[in-house]
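Trainee: Quick one: the structure is below, questions incoming.
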């Protein structure tokens, strides 16, 4: 139960039993110092382990030594170091468990997983056998008239699509026919885009859509995507749904010195996820940008794609504990 994760081939039951050592209090209060409470959690594990399995109280050795105590202060912090090897955040998640997690299916679910894995392996073998036929069929299709499509064909995903703004003359959400047609504001004009025309925005201007568009809670999965071409790679907002104030609540994608930055903000400094592209983009070049978030409330749940390829991200902040939803329009630019 103390070290199921260190066994050569631990069973799920042994890993769950080891989780006893993290079954202690956690502080999710805003404004706490995460490192301070991370230390408190580790001390709790040391005290509990000593009391339950050694029949000793080690609390005194945290600060000092007694002449006849069998455990020295140095030994206390040796045990402390053992329980400190966990990639955790000192501020706990308010709703649900705090990472790191393990998947813990029931015995019935494990049987279902095994059956699904067998079926998946069979399907992959069948697909492998069909590859020559599929390649021949694709080659035949590519040489047919079916591939002679207009150059402005926009292959937009429609499954699960909540909003789509082509920006080809109006500010209209074509994914929702109930939305009214809105003209582009005077500060926007048009240039040649990757697919037809593209809206061109002057510095400091933006397009504002209806407040009902793209409302997400912090556990919701979402994808944002756009075509982007910046005349100057500096700083500016690309997509946002946030309160109209500096460092406001909400979500947004912006440029920061040429780096693409993704922000999910409940409170700017202590309740946010903020990541940025490791490399800056280049001016006067078209990029297809896509951001995905899996609802996990941690930075590794965000992926940034440029031209269909994931790019390395630098993590600035890695914790969000409450919703970042803002009752604001979705703003473009």
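In the numbering used here, the protein residues as written are 112 to 444.
Virtual Cβ for every residue (Gly too), placed ideally from N, Cα, C.
1. Taking the continuous beta strand (DSSP E) assigned at residue 180, which residues delimit it?
2. Let me confirm a value: residue 320 is counted as buried when at least 16 other C-beta atoms fall within 10 Å, else exposed. Which label applies?
3. Touching or not, the region 321-330 and the region 392-401, by the rule of three or more beta carbon pairs under 8 Å?
4. Using 8 Å as the Cβ pair cut-off and three pairs as the minimum, do the region 216-236 and the region 168-185 touch?
5. Output the distance between the C-alpha atoms of residue 255 and residue 305, rounded to the nearest integer angstrom.
6. Leaving aside the five residues before and after residue 421 along the sequence, list all residues of the same chain whose C-beta is less than 8 Å from its C-beta, in chain order.
7. Take residue 385 as the anchor and find which of 391, 378, 372 and 377 has the nearest alpha-carbon.
8. Of all Cβ atoms in chain D, is any one closer than 9 Å to the Cβ of residue 140?
9. Quick check: what's the CA-CA separation for residue 417 versus residue 401?
10. Tell me whether residue 180 counts as near the ligand NAD, meaning its Cβ is closer than 8 Å to at least one heavy atom of that ligand.
11. Between the C-alpha atoms of residue 377 and residue 217, what's the straight-line distance to the nearest angstrom?
12. Can you tell me whether residue 310 is helix, strand or coil according to DSSP?
13. CB residue 375 to CB residue 431, shorter than 9 Å?
14. Report the CB separation of residue 142 from residue 129 in whole angstroms; it is logged as a contact under 8 Å.
15. Tell me which same chain residues have a C-beta within less than 7 Å of the C-beta of residue 161, skipping the five on either side of it?
16. Thinking residue 446 and residue 353 are a contact (beta carbons under 8 Å), I'd like their distance in whole angstroms, please.
17. Could you check the C-alpha separation between residue 139 and residue 356 for me, to the nearest Å?
18. Count the other CB atoms within 10 Å of the CB of residue 382; is the residue buried (16 or more) or exposed (fewer)?
19. Just reading off the beta strand (DSSP E) that residue 127 is part of, what are its end residues?
20. Reducing DSSP to helix, strand and coil, say where residue 255 ends up.
21. Compare the Cα-Cα distances from residue 201 to each of 133, 159, 405 and 189 and report the closest residue.
22. Would you check if the region 239-255 and the region 306-314 touch, i.e. whether three or more CB-CB distances between them fall below 8 Å?
23. Applying the criterion that 16 or more other CB atoms from any shown protein chain within 10 Å of the CB defines a buried residue, is residue 144 buried or exposed?
24. Going by DSSP, what residue range makes up the alpha helix (DSSP H) through residue 160?
25. Which same chain residues end up closer than 7 Å to residue 331 when comparing Cβ atoms and leaving out the 5 residues on each side of it in sequence?
26. First and last residue of the beta strand (DSSP E) that includes residue 336?
Mentor: Taking the definition as stated:
1. Position 69 of the chain shown holds residue 180. Unbroken run through residue 180: none, as it is neither H nor E.
2. Within the chain shown, the letter at position 209 stands for residue 320. Result: buried.
3. No, they do not touch.
4. Taking 8 Å as the limit for Cβ pairs, the verdict is that the region 168-185 does not touch the region 216-236.
5. Residue 255 sits at position 144 when you count from the first residue of the chain shown. Residue 305 sits at position 194 when you count from the first residue of the chain shown. One C-alpha to the other measures close to 25 Å.
6. If you number the chain shown from 1, residue 421 lands on position 310. Around residue 421, the same chain offers 414 and 415 as residues with beta carbons nearer than 8 Å, after the five sequence neighbours per side are excluded.
7. One-based indexing of the chain shown puts residue 385 at position 274. Nearest option by C-alpha distance: 372.
8. Looking for chain D here will not work: only one protein chain is present.
9. As a position in the chain shown, residue 417 is number 306, starting the count at 1. As a position in the chain shown, residue 401 is number 290, starting the count at 1. One Cα belongs to residue 417, the other to residue 401, and the distance between them is close to 7 Å.
10. Summarising the ligand content, the structure contains no ligands, and the ligand NAD is consequently not present.
11. Taking the chain shown and counting its residues from 1, one reaches residue 377 at position 266. Taking the chain shown and counting its residues from 1, one reaches residue 217 at position 106. Each residue's Cα considered, the two are about 35 Å apart.
12. The sequence position of residue 310 within the chain shown is 199, counting from 1. Of the three classes helix, strand and coil, the one that applies to residue 310 here is strand, per DSSP.
13. Position 264 of the chain shown, counted from the start, is the residue given in the question as residue 375. Position 320 of the chain shown, counted from the start, is the residue given in the question as residue 431. Yes, they are a contact pair.
14. Counted from its first residue, the chain shown places residue 142 at position 31. Counted from its first residue, the chain shown places residue 129 at position 18. With 8 Å as the limit, residue 142 and residue 129 do not qualify as a contact, their Cβ atoms being about 32 Å apart.
15. Taking the first residue of the chain shown as position 1, residue 161 is located at position 50. Closer than 7 Å at Cβ, skipping near neighbours: 167, 168 and 169.
16. There is simply no residue 446 to check, as the chain begins at 112 and stops at 444 in what is shown.
17. On the chain shown, position 28 is the one that residue 139 refers to. On the chain shown, position 245 is the one that residue 356 refers to. Using only the alpha carbons, I get a separation of about 26 Å.
18. The residue labelled residue 382 in the question sits at position 271 within the chain shown. In the assembly as shown, residue 382 is a buried residue. Its beta-carbon has 16 or more other beta-carbons within 10 Å.
19. Mapped onto the chain shown, residue 127 falls at position 16. From DSSP, residue 127 is part of no beta strand (DSSP E) but of the alpha helix (DSSP H) over 123-129.
20. Here the question's residue 255 lines up with position 144 in the chain shown. In the three-state DSSP reduction, residue 255 falls in the coil class, being neither helix nor strand.
21. Position 90 of the chain shown holds residue 201. For residue 201, the nearest C-alpha among the options comes from 133.
22. Result no; under three Cβ-Cβ pairs closer than 8 Å.
23. Counting from one through the chain shown, the residue named residue 144 turns up at place 33. With fewer than 16 Cβ atoms within 10 Å of its Cβ, residue 144 is classed as exposed.
24. In the chain shown, the residue the question calls residue 160 occupies position 49. From DSSP, the alpha helix (DSSP H) with residue 160 extends over 145-160.
25. The sequence position of residue 331 within the chain shown is 220, counting from 1. Closer than 7 Å at Cβ, skipping near neighbours: 406.
26. Here residue 336 is taken as the residue at index 225 of the chain shown, counted from 1. Following the DSSP letters along the chain, one finds residue 336 inside the beta strand (DSSP E) bounded by residues 333-339.
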